Amino acid sequence: MLRAWSTGGTSLHVEVDGPPDAPPILFLHEVAGTVRSWDAQVSELAGTYRCIRYNARGYPPSDVPTDPEMYSQSIAVEDASAVLDAVGVDSAHVVGFSMGGFAAAHLLLTAPERARSAVIVGAGYGSNPDERPRFQAEARAAAEAFRSDRVAAARAYADGPTRMQLKSKAPQRWQAFRESLEGHDPTGMSLTFAQVQGRRPSLLSLTEPLGEVRAPVLFVVGDEDDGCLETNLALKRAMPSSALVVLPRTGHTPNLEDPARFTALVAEFVDDVEAGRWRSRAADTTGRGLVGMS
Numbered sequence: 179m180l181r182a183w184s185t186g187g188t189s190l191h192v193e194v195d196g197p198p199d200a201p202p203i204l205f206l207h208e209v210a211g212t213v214r215s216w217d218a219q220v221s222e223l224a225g226t227y228r229c230i231r232y233n234a235r236g237y238p239p240s241d242v243p244t245d246p247e248m249y250s251q252s253i254a255v256e257d258a259s260a261v262l263d264a265v266g267v268d269s270a271h272v273v274g275f276s277m278g279g280f281a282a283a284h285l286l287l288t289a290p291e292r293a294r295s296a297v298i299v300g301a302g303y304g305s306n307p308d309e310r311p312r313f314q315a316e317a318r319a320a321a322e323a324f325r326s327d328r329v330a331a332a333r334a335y336a337d338g339p340t341r342m343q344l345k346s347k348a349p350q351r352w353q354a355f356r357e358s359l360e361g362h363d364p365t366g367m368s369l370t371f372a373q374v375q376g377r378r379p380s381l382l383s384l385t386e387p388l389g390e391v392r393a394p395v396l397f398v399v400g401d402e403d404d405g406c407l408e409t410n411l412a413l414k415r416a417m418p419s420s421a422l423v424v425l426p427r428t429g430h431t432p433n434l435e436d437p438a439r440f441t442a443l444v445a446e447f448v449d450d451v452e453a454g455r456w457r458s459r460a461a462d463t464t465g466r467g468l469v470g471m472s
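For the sequence shown, this note's numbering assigns the number 179 to the initial residue and increments by one for each residue that follows.
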């Protein structure tokens, strides 16, 4: 374990597993997660890859700044770069889940030299223009709820519609997920919801610059993760270097709902990138009608 120092003097808790000379993978957790969210993946991948994970600011044992200005989407990206610096890694394969997926997408845009590739998982909440006002209102409500009564807020959040799939498939893992969330810092959760979740730009507003990204990207989304489906399809269409996996009967937590299947997807993708097997979409497969007879 080590510490990384980032914007505003914030110290971040970092864990590193795997051979020091192996290709690195940087894991970025979701708003309801921590480094522990990736335990199943790291246990499988650390034999081949150098697995780097950290708790975001606001998530002890990382620091919990009390200044709202110390939380934002851009600062989240700066934190990811600070962790790579602390570990002594110039670039890594990045696996970002939900909140972490937004950070991974922004890292591709603002510091592309740091990302060898990206697996962007369950990212998109608040991106659909029709749903954005409601999502922002829910983010404000969550911020207030976690500040007022974190246990009640955690229980309500864990019972959300896209967490029921985890509860149905793996009740013990869902229970552990809920209990972990109940212990999150109320200030950190409140400020993360208010300043990061509720204010980050829509991913759909970034389709043009993301379309210029040449790094390999794999989008992963559950077919019952309603806040993300359309956004992920739009991003896949906009990014020739990307592919899309839609997991059946899956909600917002594929890394916990079926850890083995999710880990295999990550491993296959990173293996392909490392071996030079990943290819962007061929230009002659688009823009010629549906069957090429127009």
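By construction, the Cβ of each residue, glycine as well, lies at the ideal position given by its N, Cα and C atoms.
Note that the coordinates shown come from a computational prediction; the quantities given were computed from them, not determined experimentally.
Tell me the DSSP bridge mates of residue i?
i, result
"Y232", "V192"
"V451", "Bridge partners of V451: none, in fact."
"L425", "G400"
"H271", "I203, S295"
"L420", "Rather than Leu, the amino acid found at residue 420 in this sequence is Ser. Answer is V395."
"R181", "H191"
Using 8 angstroms for Cβ pairs, my map puts residue i next to residue j. What's the rounded Cβ distance?
i, j, result
"L407", "L422", "L407 to L422, Cβ: 10 angstroms. No contact."
"T409", "G279", "With a Cβ gap of about 10 angstroms, T409 and G279 do not count as contacting."
"L388", "M417", "5 angstroms"
"R231", "V213", "5 angstroms"
Leaving aside the five residues before and after residue i along the sequence, list all residues of the same chain whose C-beta is less than 7 angstroms from its C-beta, in chain order.
i, result
"V424", "V399, D401"
"W456", "P394, D450"
"T244", "T365"
"R356", "A332, R333, A336"
Rounded to a whole number of angstroms, what is the C-alpha to C-alpha distance between residue i and residue j?
i, j, result
"S189", "E360", "23 angstroms"
"D195", "L180", "12 angstroms"
"V267", "R294", "11 angstroms"
"A332", "L206", "20 angstroms"
"W309", "P197", "A quick correction: the sequence has Glu, not Trp, at residue 309. Approximately 44 angstroms between the Cα atoms of the pair."
"P201", "H271", "8 angstroms"
"R351", "T340", "15 angstroms"
"L287", "S458", "18 angstroms"
"A348", "A461", "42 angstroms"
"G236", "R312", "24 angstroms"
"R427", "W216", "21 angstroms"
"A336", "H362", "13 angstroms"
"T464", "S383", "22 angstroms"
"E435", "E452", "27 angstroms"
"G186", "V261", "14 angstroms"
"P238", "S358", "12 angstroms"
"A224", "V329", "33 angstroms"
"E193", "S184", "16 angstroms"
"Y227", "E208", "21 angstroms"
"L413", "T385", "6 angstroms"
Please list, in chain order, all residues of the same chain as residue i whose beta carbon is under 6 angstroms from its beta carbon, the five residues on each side excluded.
i, result
"R325", "P364, S368"
"S240", "L190, H191, N233"
"A320", "F371"
Taking 8 angstroms as the cut-off, decide whether the C-beta atoms of residue i and residue j are in contact.
i, j, result
"S250", "R292", "no"
"G338", "V299", "no"
"M277", "V391", "no"
"S420", "F397", "yes"
"E222", "T370", "no"
"A372", "P246", "yes"
"S305", "L381", "yes"
"A317", "A264", "no"
"G376", "V242", "no"
"G429", "L344", "yes"
"A296", "A315", "no"
Less than 8 angstroms between C-beta atoms, sequence neighbours within five positions excluded: which residues of the same chain meet that for residue i?
i, result
"Q219", "F205, C229, V273, N433, P437, F440, T441, V444"
"S252", "H284, T288"
Counting only beta-carbon atoms, is residue i nearer than 8 angstroms to chain B?
i, result
"G389", "Here chain B cannot be found, since the structure has a single protein chain."
Any chance the CB of residue i is under 7 angstroms from a heavy atom of the ligand FMN?
i, result
"P364", "The ligand FMN is absent from the structure shown, which contains no ligands of any kind."
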